[in-house]
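S.K.: Note that the first sequence covers residues 1 to 431 in the working numbering. Glycine is no exception: its CB is placed at the ideal position from the N, C-alpha and C atoms. The structure displayed is predicted, hence computed values, not measured ones. Below you'll find the structure I mean.
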Amino acid sequence: MNSFIQELRWRGMLQDMTPDLEEHLSKGMASAYLGFDPTADSLHIGHLVGVMTLLHFQRSGHQPVALVGGATGMIGDPSFKSAERNLLDKLTLDHNVACIQKQLAKFLDFSGQQPNKASLVNNYDWMSQFTFLDFIREVGKHITVNYMMSKDSVKRRLEDGNGLSFTEFSYQLIQGYDFYYLWKNKNCSIQLGGSDQWGNIVTGTELIRRMDGGSAFALTVPLITKADGTKFGKTEGGSVWLDPEKTSPYAFYQFWLNVSDEDASKYIRIFTVLDQATIERLEKDHAEAPHQRVLQKEIAKEVTTMVHSKVEYEMALKASEILFGKSSTEDLASLDERTFLAVFDGVPQVQLTQEIYATIENVLDLVSEKTNYTLFSSKGEARKMILGGGVSINKEKVDDPQGKINYTLLQGKYLLVQKGKKNYAIVAVTA
RNA sequence: GGGGGAAUACCAAAGCGGCCAACUGGGACGGACUGUAAAUCCGUUGACUUAUGUCUUCACAGGUUCGAAUCCUGUUUCCCCCA
């Protein structure tokens with residue numbers, strides 16, 4: 001029962017905790033919550049750390065509670081943010097909350113009869129009834145402004161000179177009250193969160209102590225960093241989302257596959273539930289043959305399977321092999337149309353009628369003008385790329401811009417145009 | 001309000017009458033090598049059916065000149081100094 005802390009510790013997921021938490025957990029099943037801000041209609045992989053924390057908590061036999069901040073989302077957490085945040089309207093927020101709830105349900109076990117099944121709450125449910133007057137009388141009375149101002153997250157904003165509105169300043173009190181509410185009504189004695197949440201969480205434990213003399217606990221997980229100093233979870237395309245509509249399972253898989261060696265050991269501990277022995281074995285394999293990238297492959301497999309599905313993972317794997325492996329025109333031709341389209345999901349597609357296709361005189365026109373400059377912004381660029389050996393059609397290098405078009409259409413209708421290694425476009429020739 | 005300076009391609013930054021589609025660095029993209037990596041090396045980076053060719057570019061609008069990113073005038077924006 002006490003393995004939760006140890007589990008987090010060896011996984012490098014323990015930043016900080018209140019001193020007597022370990023003892024508290026050893027007494028039997030406990031309940032902990034972690035909040036998610038509904039700032040978008042999908043979670044992204046930055047949220048995954050929190051999700052994994054709850055998951056480990058549940059696996060250790062405790063009861064996880066996921067809180068979606070329908071109320072706090074209306075305010076915006078100022079912690080370590082440099083500027084005042086824009087408020088989201090209620091409609092957007094409702095939508096976001098609903099979407100996030102659905103995603104969370106994939107990770108935690110909300111079903112079944114076991115006593116430690118997960119539950120989901122929305123702080124809008126209790127905050128919306130609370131009048132301002134009641135709130136400042138019942139809650140605000142217990143916490144001093146001095147206390148609130150001494151928080152690092154708030155102090156930074158004051159020192160910057162950017163200031164923060166009263167609205168944002170109140171945030172920690174509302175979050176603190178959430179904790180109190182859950183502690184009081186759901187017997188939830190622990191709050192988990194990212195290290196930037198420490199201040200807010202502790203306001204909660206303080207509130208519980210002052211209002212009811214109760215004791216509650218805090219635990220934070222470290223912020224995920226990347227060895228090269230860039231922000232974790234971002235690609236050129238923006239955040240990596242869990243929603244397959246926003247980030248395709250293929251792109252998602254690729255993100256993990258491209259994790260650097262330095263980060264791989266860290267990530268496999270945090271984002272997969274593989275046990276210590278397995279991970280250490282994989283690390284050994286990786287050290288022996290780094291070019292095999294067993295760690296990255298394993299992370300990508302585990303996380304993609306967990307977030308999407310085994311089928312999606314296999315599809316992504318197959319797509320990756322075709323896109324990056326030594327595949328040939330034959331390999332492409334061997335795919336059936338459905339698989340082909342799935343592999344190239346998200347790749348820009350250009351429709352061309354049979355008549356137009358027949359009139360195209362050379363490769364240069366085909367890849368530039370006739371396909372609306374999808375892959376190249378000008379003929380000059382296309383020509384230079386071709387001469388530089390950077391263009392392939394159906395996986396075969398094109399070397400002459402003036403070359404005639406005599407390619408076999410894949411599945412009778414597609415041409416795969418490729419610029420460099422990672423940029424593709426599909427030309428679909430229709431009747 | 002007064003005085004001074006600056007505006008150049010994605011960014012930084014040279015050029016200060018013809019040799020300028022504009023040095024150089026970064027970035028981006030491509031190639032080789034590799035592990036779909038890092039490092040390294042090479043190429044491309046205004047447009048045009050590649051051309052010792054044409055066209056459009058150096059904040060904007062005019063002007064001087066055979067010729068202007070470069071000189072002049074006005075406009076706009078930004079920075080600095082003094083009130």
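1. Need the endpoints of the beta strand (DSSP E) that Ser392 sits in, please.
2. So if DSSP puts Ala251 in a beta bridge, which residue, or which two residues, is it bridged to?
3. Any idea if Thr220 is buried or exposed, counting beta-carbon neighbours within 10 angstroms, 16 or more meaning buried?
4. Restricting to runs no shorter than 4 residues, where is the alpha helix (DSSP H) found entirely within the stretch 13-80?
5. Measuring alpha carbon to alpha carbon, tell me which of Gly69, Gln402, Asn372 and Gly214 ends up nearest Lys384.
6. Take the Cβ of Lys301 as the centre, count every other Cβ of all protein chains shown within 10 Å, and call the residue buried at 16 or more, exposed below.
7. Ile190 lies in the beta strand (DSSP E); which residues open and close that run?
8. Helix, strand or coil for Lys413? Go by DSSP, reduced to three states.
9. For Asn122, report the span of its beta strand (DSSP E) as first-last.
10. Here's the rule I'm using: 16 or more other beta-carbon atoms within 10 Å means buried, otherwise exposed. How should Pro78 be labelled?
11. How is Gln276 classed by DSSP in three states: helix, strand or coil?
12. Could you give the DSSP three-state label for Thr353: helix, strand or coil?
13. Who are Asn423's beta bridge partners in DSSP?
14. Along the chain, where does the beta strand (DSSP E) containing Leu323 start, and where does it finish?
15. Are at least three pairs of beta-carbons, each pair with one atom in the stretch 62-78 and one in the stretch 115-122, less than 8 Å apart?
16. Buried or exposed: where does Glu256 fall if 16 or more other Cβ atoms within 10 Å of its Cβ makes it buried?
17. Measuring straight from C-alpha to C-alpha, what distance separates Lys318 and Val307?
18. Can you tell me the Cα-Cα spacing of Cys188 and Pro244, whole angstroms?
19. Between which two residues does the alpha helix (DSSP H) harbouring Ala289 extend?
20. Sort Ile299, His291 and Val259 by Cα distance to Thr278 and report the nearest one.
21. Looking at C-beta atoms only, is the number of pairs between the stretch 5-15 and the stretch 201-217 that lie closer than 8 Å three or more?
22. In three-state terms, what does DSSP make of Leu219?
23. Less than 9 Å separating the beta-carbons of Lys404 and Val363?
24. Tell me which residues share the same chain as Ile208 and place their Cβ nearer than 6 Å to its Cβ, disregarding the 5 neighbours each side in the sequence.
25. Is the beta carbon of Gln175 closer than 9 Å to that of Gly194?
26. Just mark Phe344 as buried or exposed, buried being the case when its beta carbon has 16 or more other beta carbons within 10 Å.
27. Fully enclosed by the stretch 128-165, which beta strand (DSSP E) runs are 3 residues long or longer?
28. Leaving out five residues on either side along the sequence, give the residues of the same chain with a beta carbon under 8 Å from the beta carbon of Gln276.
29. Just to confirm, are Tyr313 and Tyr253 a CB contact at a threshold of 9 Å?
30. Ordered along the chain, which non-local residues of its own chain (more than five positions away) have a Cβ less than 6 Å from that of Lys90?
31. Please classify Gly432 as buried or exposed, where buried requires at least 16 other C-beta atoms within 10 Å of its C-beta.
32. Output the boundary residues of the alpha helix (DSSP H) element that contains Ile100.
33. How many whole angstroms separate the CB atoms of Arg210 and His142, which I take to be in contact at a CB cut-off of 8 Å?
34. One question on the structure: do Ser327 and Lys395 come within less than 9 Å of each other, judged by their Cβ atoms?
35. Taking only the alpha-carbon atoms, compute the straight-line gap between Thr408 and Leu387 and give it to the nearest angstrom.
36. As a quick exercise: from Gln349, Ile270 and Leu108, pick the residue whose alpha carbon is nearest that of Thr425.
M.R.: On the basis of the data shown:
1. Val391 to Ile393 is the span of the beta strand (DSSP E), which, as asked, contains Ser392.
2. Looking at the DSSP output, Ala251 bridges to nothing.
3. Burial check for Thr220: the Cβ neighbour count within 10 Å reaches 16 or more, so the residue is buried.
4. Entirely contained in the stretch 13-80, the alpha helix (DSSP H) runs reaching 4 residues are, in chain order, 21-26 and 45-59.
5. Answer by Cα proximity: Gln402.
6. Label assigned to Lys301: buried.
7. Start and end: Ile190 to Gly194.
8. If DSSP states are grouped into helix, strand and coil, Lys413 belongs with coil.
9. Boundaries of the beta strand (DSSP E) around Asn122: Ser119 to Asn122.
10. Classification of Pro78: buried, given that the 10 Å Cβ count is 16 or more.
11. Here Gln276 sits in helix by DSSP.
12. Note: Thr353 maps to strand in three-state DSSP.
13. Answer is Lys419, bridged to Asn423.
14. Per DSSP, Leu323 is not a residue of any beta strand (DSSP E); the alpha helix (DSSP H) it occupies stretches across Lys310 to Phe324.
15. When Cβ pairs closer than 8 Å are counted between the two stretches, the stretch 62-78 is seen to touch the stretch 115-122, the count reaching three or more.
16. It is worth fixing the name first, because residue 256 is Trp in this sequence and not Glu. Burial call: buried.
17. Their Cα atoms are separated by approximately 18 Å.
18. Approximately 33 Å, taken between the alpha carbons.
19. In the DSSP assignment, Ala289 falls outside any alpha helix (DSSP H), carrying neither H nor E.
20. Closest by alpha carbon: Ile299.
21. Under the 8 Å Cβ criterion, the stretch 5-15 does not count as touching the stretch 201-217, having fewer than three qualifying pairs.
22. Strand, per DSSP.
23. In contact: Lys404 and Val363 (Cβ atoms closer than 9 Å).
24. Same-chain partners within the cutoff: Tyr180, Trp183, Gly214 and Ala216.
25. At least 9 Å separates the beta-carbon of Gly194 from that of Gln175.
26. Classification for Phe344: buried.
27. Within the stretch 128-165, no complete beta strand (DSSP E) run reaches 3 residues.
28. Contacts found: Trp10.
29. Between Tyr313 and Tyr253, the gap from beta carbon to beta carbon is short of 9 Å.
30. If we look at Lys90 and ignore the five residues flanking it on each side, it has no Cβ neighbours.
31. Given that the chain is displayed from residue 1 to residue 431, the structure contains no residue 432 and the question cannot be resolved.
32. DSSP places Ile100 inside the alpha helix (DSSP H), whose first and last residues are Lys90 to Leu104.
33. The pair is a contact, with the Cβ atoms about 4 Å apart (cut-off 8 Å).
34. Cβ distance < 9 Å, so Ser327 and Lys395 count as in contact.
35. Whole-angstrom Cα-Cα distance: 22 Å.
36. It is Ala, not Thr, that sits at residue 425 in the sequence shown. Considering only alpha carbons, the answer is Gln349.
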